[in-house]
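Report on one structure; see the data block that follows.
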Amino acid sequence: MATLQQTLDGVGLFESILKTTPIFKNKEALRHSYTPSDLPHRGEQTNRLATILAAALRGETPSNILIYGKTGTGKTLVTKFVAKELEKTGEKIGVPATTIYMNCEVVDTHYRVLAQLANTLYGQEVVPFTGWPTDQVFQAFFDIADKKKQVIVVIFDEIDKIVKKSSDEVLYNLTRINTDLKNARVSIVGISNDLRFTDFLDPRVLSSLGQEEIVFPPYEADQLKDILTQRAILAFTDGVLDETVIPLCAAFAAREHGDARRALDLLRVAAELAELGGADKVTEAHVRSAKEKIEQDRVIEVVRTLPSQSKLVLYSIILLEERGNGGVITGDVYNMYRELSRRAPMDILTQRRVSDLISELDMLGIINAAVISKGRYGRTKEITLGVPITRIKELLEKELSFSNSNLF
DNA sequence: AATCCACAGGAAGATTAGGATA
DNA sequence: TATCCTAATCTTCCTGTGGATT
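Residue numbers (the working numbering): 445 to 852.
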C-alpha cells in the first residue's frame, strides 16, 4: 500500500482524487437493473401478482396477466422479483414452477420467441438462431415443455413491441397451447408501456391474455423521494448529498410522468458530475447540470439514429439558423436541402415529403415548427431549433461526410 | 371586401424493404 | 431458395387558408 501511495504521489495525478472522500460507495445500487429487496410503494401490485401466480404452487394454471404502466413505474422490477420468489418457493415445496423472462425489444419475431423458449427449457442451444421452419421450433418447445408436470410462466416484457413488429400469432399459439399439453401448463404475463396496445390485438388473444390486469400508476414526487432515499443509502458515502438534491431529482422526474428510472439517472449523473469536478458534495447545481446533460445525450442519440435524409434536412435548418437572417421557413429549408443533396449527391425528395420530415423533427423535440401566416406572403412553418446546436452540428458533419465528402 | 401568396396537409397510388411462406 | 405480403416510405395531385396588401 505504501509503495502504491508513493507512486501516486510521484505522479501526482490521483492525489486530489484520493484525498477527497469518494462520493460513491456502491454505484450499482443506482442502476436500472438493480433489484432492491424491498420495493417501496408497490406492495399492492406485488401482492396482486403473487396472489394470481400462487395458483402455480397449488398445481393449478394461473390466469394470464396483462401489466400496464409507463416507463419507470416498476413493472419489470416487480415482475422479476415475484417470478424469482415463485421459483424459489416452488423448489422448496417440491412443485416445479419455471419462469422464463423475455424482452420483446430483443426477442422480436415469432421464430426467436419460440427458439428462446425451447432453449431455456433445454438449458442449452438446441434450436439454432435461424434455419428451422417455425413450426418445428414450436414442436421442439412443446416436447420439452410437456416432458414433465410443471407450470411454465412466460413473461413478455414490452409485449407491445412484438405485436407491432411482427404479429400476435405467437401469442395466439401460446394461449391455446394448454389444450394440447398433457402434463405441463403455460401461463403468460405480458408487460406493456402502451396503454392502448390492445387495440392492435386479435380479440381472441385479448380475451385470453387479459384475464387479469394490473395497472402500475406513475410515482408521485414523494414516492420517488422514498425510492431515491432507499437507493442513496446504499450508493453513497454518508453525508455527500445536499439535502435538497433528492427532493429536486424527485420533482424533476415527477414532472416527466413519474419515471423512477429518470429520477435514478438524474441522481447518478449529478453525483458523477460532482465527482468529475472534484467536489466533495453533490449540490442542487449538479442536479441541474445533470438534467441538461441527460437531455443533450438524448437528443444526440436521436439525431444519430435519424435516417440520412432527415439528417440533411436538419443540417439545412442549422445552416440557415446560423446565417441568421430572420425566421427560417419551409421554402428556405427546401432550397438549402436541395442544394446540399444535389452536391452530395443524394436522392432529392419532394417538398411535400420534406415538409413531413420537418414535422417529424418537431415531434422529436429537436426543432420547433409552428404554422404561421405571413399574410400576403403566404402560410408556412416557422422553424427554430429547440436545442443547443454545437454538438449536433459536429455530429451531423461527421456522419454526413462519412458517406460522402463533397458536402463540405 | 377582394385578392392572392406560399405553403399546410389530406387522399390515393407507386415504390421499396424486410419478413413470412411455400 | 424464390416469391409473396405487408408496412413504411415517397410521389402526385389536390383543396384549403390567415391575413397583409390592394
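Glycine included, each C-beta is placed from N, C-alpha and C at the ideal position.
Cβ-Cβ distance between residue 697 and residue 703 below 9 Å: yes
Cβ distance (whole Å) where residue 792 is taken to contact residue 785 below 8 Å: Yes, residue 792 and residue 785 are in contact; Cβ-Cβ is about 5 Å, under 8 Å.
Straight-line gap, residue 727 to residue 686 (C-alpha atoms, nearest Å): 5 Å
Residue 548 beta carbon less than 9 Å from that of residue 604: yes
Reference residue 760; option with closest CA among 570, 745, 783: 783
For residue 777 and residue 836, believed in contact at Cβ under 8 Å, the rounded distance: Actually they are not in contact, since the Cβ atoms of residue 836 and residue 777 sit about 16 Å apart, beyond 8 Å.
Identity of the residue in 798, 845, 635 nearest residue 512 by Cα: 635
Minimum length 4: unbroken alpha helix (DSSP H) runs contained in the stretch 677–761: 689–699, 704–720, 728–748
Contacts around residue 665, its chain only, beta-carbon distance under 6 Å, and the 5 residues preceding and following it disregarded: 694, 695, 698
Assigned exposure category for residue 821 - 16 Cβ within 10 Å defines buried: exposed
Nearest residue (CA-CA) to residue 500, options 582, 478, 593: 593
Host alpha helix (DSSP H) of residue 494 (start-end): Looking at the DSSP string, the run of the alpha helix (DSSP H) that includes residue 494 is 487–497.
Residue from 746, 713, 725 with nearest C-alpha to residue 736: 713
Start and end residues, beta strand (DSSP E) containing residue 546: Here the beta strand (DSSP E) through residue 546 covers 541–547.
Pick from 717, 684, 663, 805 that is closest to residue 706, judged by C-alpha positions: 663
Sub-9 Å separation of residue 625 and residue 590 beta-carbons: yes
In DSSP terms, what residue 825 is bridged to: BP columns for residue 825 point to 815.
Integer-rounded CB distance, given that residue 816 should sit under 8 Å from residue 826: 5 Å
Residues near residue 559 by beta carbon distance below 6 Å, same chain, minus five either side: 571, 581
Where residue 512 falls: helix, strand or coil (DSSP): Three-state result, residue 512: strand.
Exposure of residue 441, with buried meaning 16 or more beta-carbon neighbours within 10 Å: This structure does not reach residue 441, given that the chain is present from 445 up to 852, and the question cannot be answered.
Residue environment, residue 442, which counts as buried when at least 16 other CB atoms sit within 10 Å: Outside the shown range of the chain, which is 445 to 852, sits residue 442, and nothing can be said about it.
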